[in-house]
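In the working numbering, the protein residues as written are 5 to 142.
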């Protein structure tokens, strides 16, 4: 369980509320880390990440649900937070276009991709929920 009342925890909460992208790191079948930037919303307990159903990250999580996530560290690497946690693939998730927080945060990005909220929801219909258990900083 992460203590969000510490200096590190408070900074992490601030970034959870303001960052546009987080890096999700899964492990493939050969044991190699597989980092990728993803859009996310924080639901107060977990990262909520949507994905295409054919994405390799879903296979990685099914094999090994232990993941890490981190934000970019600033120009000199001075503001790095790394979350370690467990991922789950959500059954029957709320579609992106019905997730108010997600739509508010990413509507502009969805339009820039040439999609609509509805078409994006159809394409990114898998949902991953990552509950962080530990937080590190450098």
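Beta carbons are placed, not taken as given, at the ideal position from N, Cα and C, and that holds for glycine.
Keep in mind it's a predicted model, so treat the numbers as computed, not measured.
>> Looking at residue 138: is its Cβ nearer than 8 Å to the Cβ of residue 6?
In response: It is a contact, given that the beta carbons lie within the stated cut-off.
> Among 129, 116, 123 and 71, which one has its Cα closest to the Cα of residue 97?
Replying inline: The shortest C-alpha separation from residue 97 is found at 129.
>> How far does the alpha helix (DSSP H) with residue 109 in it extend, from its first residue to its last?
In response: Looking at the DSSP string, the run of the alpha helix (DSSP H) that includes residue 109 is 104-116.
>> Quick check: the Cα distance between residue 44 and residue 106, rounded to an integer number of angstroms?
In response: A straight line joining the alpha-carbon of residue 44 with that of residue 106 spans about 7 Å.
> In terms of DSSP beta bridges, what is residue 40 paired with?
Replying inline: Beta-bridge pairing links residue 40 to 28.
> How far does the beta strand (DSSP E) with residue 91 in it reach, from first residue to last?
Replying inline: Element bounds for residue 91: 85-93.
> Which value, in whole angstroms, describes the spacing of the CA atoms of residue 136 and residue 111?
Replying inline: Answer to the nearest angstrom: the Cα atoms are 26 Å apart.
> Buried or exposed: which applies to residue 56, given that a residue is buried once 16 or more other Cβ atoms fall within 10 Å of its Cβ?
Replying inline: Residue environment: residue 56 is assigned as exposed (fewer than 16 neighbouring CB atoms within 10 Å of its CB, all protein chains considered).
> How would you label residue 78, buried or exposed, when you count the other beta carbons within 10 angstroms and need 16 or more for buried?
Replying inline: Under the 10 Å beta carbon count, residue 78 is surrounded by fewer than 16 other beta carbons and is classified as exposed.
>> Going by beta-carbon coordinates alone, are residue 37 and residue 27 separated by less than 8 Å?
In response: If you check the CB distance, residue 37 and residue 27 do not come in under 8 Å.
> Do you know how far the Cα of residue 8 is from the Cα of residue 14?
Replying inline: Their backbone Cα atoms lie some 5 Å apart in a straight line.
>> Tell me the residue span of the alpha helix (DSSP H) that contains residue 64.
In response: Note, residue 64: alpha helix (DSSP H), 60-67.
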